[in-house]
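**Q**
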Amino acid sequence: MLSTKAFDCVLLDYELPDYNANEILQKLNAQQQLTVPIIILTGHSQEN
Numbered sequence: 001m002l003s004t005k006a007f008d009c010v011l012l013d014y015e016l017p018d019y020n021a022n023e024i025l026q027k028l029n030a031q032q033q034l035t036v037p038i039i040i041l042t043g044h045s046q047e048n
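Residue numbering for the sequence shown follows the UniProt record's numbering, beginning at 1 and increasing consecutively.
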């Protein structure tokens, strides 16, 4: 999934159209050992 370029961090939205961030991280870890910081965000809010 990641190219051969070096990254300082991985920034993910938690809810993407086809996957969520956990699924993407599992796929990335299966392909290569991640050694960069990972930041997961979402624009969704919880109603009280």
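Glycine residues also receive a C-beta, built at the ideal position from the N, C-alpha and C atoms.
Remember, it's a predicted structure, so these values are computed and weren't measured experimentally.
(1) Which one or two residues does DSSP pair with Glu15 in a beta bridge?
(2) Would DSSP call Leu41 helix, strand or coil?
(3) Look up Val10 in the DSSP assignment and give the residues it is bridged to.
(4) Under 6 Å Cβ to Cβ from Phe7, same chain only, skipping five residues before and after it: list those, please.
**A** With the structure as the only source:
(1) Asn20
(2) strand
(3) Ile38
(4) Val36
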